[in-house]
Structures are given as C-alpha cells and as structure tokens.
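Numbering (the working numbering), first residue to last: 102 to 1004.
Report on the following structure.
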C-alpha cells in the first residue's frame, strides 16, 4: 500500500527561512499602520528642505540625517517660505526619520529572503540529490515565497494611496516654475511612491524566483521518478543474473546466520523474565485478536441469514461493521507485537523492518479479507452491496486474498534482504519472482472468470453464448490481462522495478476504488435518502425550518453531488500519489488556482471571483428584502395607488441590483474604463441578436416612468382584456377574466394600440339594448328604463343615465340604455342587474309580451293543399298491413311512432 510522502525533516545545518523572515512577518502583520498612507506619504514641512532638492538626494539625506533631524537645521529663519508656520515644521523630522528606518528593515528582510533563495537555488544545481533533499529545498522555497507574497499584497494599498496623493498635485508645469512649497511637496510624494514601488518590485522578483525554484524541484522529482521506474536490470530469463545469485548465496547465508546469532545474543542479554512475559503477553493478545476477529466480525455485523430482502441502509451498515471488525483487531494485534519487540530490545534494529513487514503484511491480508467479506459477502448474497453474482463474489475473494498473500511474502523477503544487506542480484531475483508469481495468480483468476455456463440454441446456426455468469465486465477483464502481460513481461526482460510498481499500483488502486464505491453508496443512502424520503430527519427539518419536500430533495441532490465531487477528487489524489504527486504540490496548485493564476497577461483569481459573486448575491438578497419591506410595510401605509407602488418597488429593485453589480465589479478591479471594451463588443450583439431584448427593456423603463399602464388597470390589447398584474423588465403580465395569464412584450404596449379603461379614473360606461312592442308608447318605455337605471346603487348620478331611441323596427322598437358606473370592474354586475330590473318592469307594464303566437311563433297559412298531396303520394307507395289479433292495425301505430319521432 502507498501513501502520500510526508515532508522530510530538514538537516540540522540547513537554514530556517521561517526564523529568517520572522521579523518581516511581524513587521507586516503587527504594524500595518506603518505601511499605510500616513507612514509612506507623510508630508514634512516645506521648510525642512530646499525647493531645488531632488528625490534621490532627498532619500539619501533622509537616511543620513534622520537621527539628528531637528526643527532648526542651521538655516537662517528668513530662508523659510513666508507662509510656513512653526507648527507645520515640527512633525517633519519624525516623519523623515520613520520612513527610511522602516524601509531599512523591510529591505533587510528582503535581502535575507534573497540570500535564502539563492542558497536553495545553488543547492539545486547539484546533481546528486535525493528525494528528501529536493523536498527540503521545495519546503524552504515555498515558505519564503508565501511570506514575500503576503508582503507584496500588503504593499498594494499604501502604493495606491501614495500615488493618489501625488496625483492631487497634477502634472508638473512645463512653462512656469512652480513654487518652492509645491516643489518640495512633489519631491516628497515622488520619493514615497518610488520607495514603495521599488520595494514591491523587488518583492515580486523574489516571488518569481521562489516559484521558479519550486518548478525546478518538481521537474527534478519527476525526472528522478521516471529514471528509477524505467531503470533496467538483468532479466530473469538470462543466465547472468542466476550466476551472480548463486555466487552471492554463500555470502548472504553467512549474513543470515549472523542475524540469527544477533537475535540469540540479544535474547541472552535482554531476555529477562519481565521482557519475556511482556513479549509473550503481546503475542497472546495478537493471536487472540487475529483468531477472535473471525468470530467477532460475523456476530458484530448482525447479518441475519434468514432475511432475504434487507434494506439498503442495513446492508451498508453491516458492510462497514464487517470491514471495521475484521481490520481493527488485526492492526491492533500486529502493533502490539511490534511495540513489544521494539520496547524489549530483543530484536536487532536492522531486523525491526523485517518484523514490521511481516506484521503489516498479516494486517494487510486481514484488511483484504474484511473488505471482500463486507463488499462481496460470498456466503450471504442478500447482504451483498456490490451487484455481482455468487460465483464472481467467491472468485474475487480468493483472487484478492491470494495476491495479498504473495505480496506479503515478497515484501517480507525484501525487508529481510535489506536487513542482512543481501547482494543486489538476490534482491532483483526476489522482486522478479514475486512479480511473476503475482502475474500468474492474476492470470489464473482471470481465466476462471471466463463464461462457463453456456447455452446453445436449438437451431442450425452458429453458436451464440446467451448467459454470462461471472459478473465481471469485458473492459475489466481486458485491463486485467493487460496488467498480467505488462507485469510478467516486464519482470522477465529486466524491468523489475516497473513490474513491482505496477503491482503496488494495482493493489493500491483497487483498494481506493473499493473504498470509494462504499463511501459513495453510503453518502447516497445515509445523506440522500435521509433528506429525500419520509424519514425522521426530513420530517423534523420540514416542521422546524418550513422547507418544502421539493426543497429538501434539491438540498439532498446538491449535498450528495458536492460530497461525491470531494470523494472523487480525494480518490484521484490517492491514485496519483504513487506516481510522485505530493500533498504539498496539490496544496500549492489549489492555492495558486484559488488566489490567482495568469493566462497570458490576464490574472484570474478564483477567490476574487467567488467573493465578487458573494457580494452580488448579498446585494441582491438585501435588495429583495428592501423590496419586500416597501411592498408590504411602507408603501401600503401611504396614499399612493397600486401602480405607483409597483413602479417604486421595481425601480428600487433595479437600483439595488445595479449597486450590487457595481460593488462586485469594483471588488474584481473592473472599472468603468475597463468595461468600455466589453460594452463596445456587446453593442454589436445588441445591434443584431439582442435588439428585441433591449427594445423590451427600454419599453419597460418607459412604462414605469410614464405610467400609461399601471398595475391594476383594466386594459384591452387585441382580443384580450384583463387586469395588469405585473410590469417587469421584458414583459407585462395581464390576467384575463377567465383567470388566464397573457404575457405581452413591453414593446407592444409602447408601439401598439392599447385600450386602458381606467387611465384617468375608475369610472366607466356600460350599455344594454332593450326592445319593446311597436304598439307601445316609446316615451313611457324610455322613462321606465331610465327609472330602473337610476335606482341602481352603482350607477352615477352625474352624468345621469340616458336612453337612446335607436331604431323603429317591425314589430319592435329598439332602445339603448347608457349608464356611468363608479368602477369599471363592476360592469358585468351592473349590466346583469339592469337587465333583470328592466325586464321585470317592462313585463309588468305589458311592454314586453309573454311568449305566444303573436310574439315568438310565426304561423304560415295556405299549405293545406300541399299537405293533402303529400298524403296521397305516401298512400300509393305504402301497402296496408294485416290486422293483428288484437284488432288494431299497424299503420296507426306507425303513424303514432312517426308523430312521436317528429315531435
């Protein structure tokens, strides 16, 4: 098994950059006021120096005369400017003394950092450097670079402040001579800007130097890893290797006998009763844990064999219990024995790695057994988390345990060879034989995974396999055979290191992927289903937080997705760890990507983008809160109408969003000048593809400003009539009287014809048509109709109702009643009430006759002759039917049936 390499402890004589830069860090963090505007751009009195003094001379003069600077500098009082005051001249010496002293300290620390980086760069020039040396160089360079990078960031604000103060003086005049006071002020501010800028540029150069050292170390480590991995030794199939092995066997045998003698000597010297009892107790505990875990794990897992359909949650919990109960006792037992051997000093120090390899290998075998039992569960298929068949589960378990056993034996023999300082040919032969044995076991296991149960169809065609019993897909088997070929051939032709690395990588990747599968399934079951199903947690969250079930489902999906992403990234890092990827490299890469990386001349900082988005989200959240307060609390307490309240709320939302967007852009460093290029590029798209959107947007602003249509107005647009519910940026929502929503683009409301029934006020006019008989008095009919309108409570008195005599027809007179109502939304109600009232009034007076021949039935005369002719024709074609026993003919029945059908 592989782990990410830990940082190597630095040599005793190596310089410590953290101590060398401790004062620098204290200066940067503890005295930020020294790097602010007053410290760097403090204005001394103009009388402190002459008007023709240059910035460079001023800097050197400050450095030399700072300790002895006094209000009186030896010049005559009349040499001062006429408007200079003594109060202004007093702070000048302090400021002049403070600035160079601080920059002396900063420059000294930068010089120390440069010396450290130069030493590491010189050390990197040596060719014989181990991985530990390269790691020490990289750690030192990273520490120095991080501290200098912090200093560069802290110098940005003082430099910007000093440049702003200098810009207030404006450009230096070319035609006229500026006054001595202004010249002295300009020189002082230019000197402050120059000092900060030079310091920051020096620090930036050191940051670049440190990054280059880190890159060189990474390249050297990759080259060393590749060289060691592809280094070829003598092949196993050649006689030269075995000849050397046979020649070195006597020497290594004597070394092994010497090691055994050393063990006996240590036992005779340190083998007192206490040590022997302690060692025996450790062995007893280890044996008890190893053999007891086989009984503890099945009972502790609580996997009932009688259950045929346990829940996914119970299956996953049982799998984790099996893995933990099968691994932890073995690890504890191995550690107990190793601790006893190390504490009692009964084993030579050079043989302790051998004991560690053997004990660690036994724990590794126990871990593989527990992992296979928890994931595959060969004896209890109902408790199997992995979707494989019974035969595949058994074969996978045997294959994994067999490979783990071979690797344990090989690693133990390699540790023994290292402990007795065995010859190189023997070490090569040991690793090669182990690689070949592993390849053979893997090949046998893959061969057993071939499909054995094959059914032939009863036809004359070719054989077609119809059933697969292994449960292992074709791509996995192909990768397995490819690994067998590479490991076996690599060991046979001499690439023993490459073959051993492939074996280690194969085992390591398999363990990581199995644990990744279990963790992903656990997240889906314990997190996803706990929030999405009707569980106690989901019910509690719904009751206490007010979240809906759909919201909990979304939170569940996002949580499981983020957790899966983290698990996959962690698995990728662990898989790449044996290839030379260090955790420090990962952290530095993530930090560089998060805090800024360059693409050409553009610096992209994920942290700045994230904070900018956060500012925008917070601004939008605050804007929504202000909108809700205006809409629900403040504006309803005013006398403003609903349309104006909606306009105020909408405009407040736009203003808040624009302010949040401006703050986000300012945090990202995007000023209005920088956005002009983007605006120019967008203008082309606006002219073509976005023209309609911009048209609707501007139309929406016009609607909110001019307010020809307001929220709550009753409008008619084409064939649609309804109430305006919402006016947004792009469109307006109108709710019709059948509760349907009509979305109208704002440009249609501005450029089209819109009928607003309540533009000026809420009053409106409705009309009904009334018809009375022609033989009635029209004046009396008009008076009764008018009286019905005047009696309605929703009809306005002014203007009064009117009756229009529209038509003299035959046999009716047609009238139209025009009334004005208090609210146009009551139009349908008023029309219905007036129809009822007018009908009742006119019916009582006889102006509307009841249903009868004179009013609704038209009688046509003169058709008797035609009726007789039609009857005669029908009698000639229809034969008379015989009379039935009942004495009644069929024809009258048929006639009655025809008459009933006609009725």
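The beta carbon of each residue, even a glycine, is placed where N, CA and C say it ideally should be.
Keep in mind it's a predicted model, so treat the numbers as computed, not measured.
Using 8 Å as the cut-off, can you tell me whether the stretch 657-670 makes contact with the stretch 620-628, which would need three or more C-beta pairs spanning the two stretches below that distance?
Output reads yes: the stretch 620-628 touches the stretch 657-670.
Can you determine whether any heavy atom of the ligand ADP sits closer than 6 Å to the C-beta of residue 331, and answer yes or no?
The model on display carries no ligand, and the ligand ADP is accordingly not part of it.
What does a CB cutoff of less than 8 Å around residue 827 pick up in its chain, not counting 5 residues either side in sequence?
Only 747, 812, 833 and 834 meet the Cβ criterion.
For residue 921, list the residues DSSP reports as bridge partners.
Partner(s): 866.
For residue 500, which residues in the same chain have their Cβ closer than 6 Å to its Cβ, ignoring the five residues on either side in sequence?
Within the same chain, residue 500 has close Cβ partners 546.
Using the C-alpha atoms, what's the distance from residue 455 back to residue 351?
Whole-angstrom Cα-Cα distance: 21 Å.
Quick check on the DSSP output: the beta strand (DSSP E) that includes residue 818 runs from which residue to which?
Residues 815-818.
Based on the DSSP secondary-structure assignment, which residues constitute the bridge partners of residue 728?
None; residue 728 has no bridge partner.
Buried or exposed for residue 599, going by 16 or more other Cβ atoms inside 10 Å?
So residue 599 counts as buried.
Figure out for me which residue from 411, 384 and 528 has the closest Cα to the Cα of residue 435.
Considering only alpha carbons, the answer is 384.
Does the Cβ of residue 360 have 16 or more other Cβ atoms within 10 Å, making it buried, or fewer, making it exposed?
Per the 10 Å Cβ criterion, buried.
Of all the options 755, 915 and 650, which has the alpha carbon lying nearest to the alpha carbon of residue 51?
For residue 51 there is no data in the structure shown, the boundaries of the chain being 102 and 1004.
Can at least three beta-carbon pairs, one atom from the stretch 462-475 and one from the stretch 419-437, be found at a separation below 8 Å?
Touching, yes.
Counting along the chain, where does the alpha helix (DSSP H) carrying residue 345 start and finish?
Element bounds for residue 345: 340-371.
So, are the CB atoms of residue 879 and residue 914 less than 7 Å apart?
Cβ distance < 7 Å, so residue 879 and residue 914 count as in contact.
Less than 7 Å between the C-beta atoms of residue 679 and residue 606, yes or no?
Yes. Within cutoff.
Can you tell me the Cα-Cα spacing of residue 1015 and residue 224, whole angstroms?
Absent from the model: residue 1015. The displayed extent of the chain is 102 to 1004, so no value can be given.
Just grab the DSSP bridge partners of residue 836 for me.
In the DSSP output, where bridge partners are listed per residue, residue 836 has 824 and 842.
Closest by CA to residue 437, which one among 451, 316 and 461?
If we check each option's Cα against that of residue 437, 461 comes out closest.
Taking the straight line between their C-alpha atoms, what separation do you get for residue 821 and residue 850?
Approximately 13 Å, taken between the alpha carbons.
In angstroms with no decimal places, state the Cα-to-Cα distance between residue 329 and residue 222.
Taking the straight line from one Cα to the other gives about 24 Å.
For residue 446, which three-state DSSP category applies?
If DSSP states are grouped into helix, strand and coil, residue 446 belongs with coil.
Between the Cα of residue 327 and those of 232, 339 and 387, spot the shortest distance and give me the residue it belongs to.
Here the closest residue by C-alpha is 232.
Between the beta-carbon of residue 761 and the beta-carbon of residue 717, is there less than 7 Å?
Yes, the Cβ-Cβ distance between residue 761 and residue 717 is below 7 Å.
Around the C-beta of residue 209, are 16 or more other C-beta atoms found within 10 angstroms, so that it is buried, or is it exposed?
So residue 209 ends up on the exposed side.
With 16 as the cutoff for other CB atoms within 10 Å, does residue 974 come out buried or exposed?
Exposed is the call here.
If you follow the beta strand (DSSP E) that residue 930 is part of, which residue opens it and which one closes it?
Here residue 930 belongs to no beta strand (DSSP E); instead the alpha helix (DSSP H) covers 928-946.
Could you have a look at residue 333 and say whether DSSP puts it in helix, strand or coil?
If DSSP states are grouped into helix, strand and coil, residue 333 belongs with coil.
According to DSSP, is residue 376 helix, strand or coil?
Looking at residue 376 - three-state DSSP - the assignment turns out to be helix.
Would residue 857 pass as a contact of residue 924 if the rule is Cβ separation under 7 Å?
Contact flag unset, no.
Return helix, strand or coil for residue 106, following the three-state DSSP convention.
Reliability of the predicted coordinates at residue 106 is poor, the pLDDT of 40 falling under 50, and the value obtained from them is presented with this limitation in mind. The answer is coil: DSSP assigns residue 106 none of H, G, I, E or B.
How about residue 932 and residue 895: do their beta carbons lie closer than 7 Å?
No. Outside cutoff.
Report the rounded CA-to-CA distance for residue 236 versus residue 317, giving the unit in angstroms.
Near 12 Å, if we compare the C-alpha coordinates of residue 317 and residue 236.
Given a cut-off of 7 Å on the beta-carbon distance, is the pair residue 796 and residue 848 in contact?
Result yes, Cβ atoms of residue 796 and residue 848 sit closer than 7 Å.
Judging by CA-CA distance, which residue of 522, 655 and 728 is the nearest neighbour of residue 349?
Residue 522 is the option with its Cα nearest to residue 349.
Helix, strand or coil for residue 909? Go by DSSP, reduced to three states.
Residue state, collapsed to three classes: strand.
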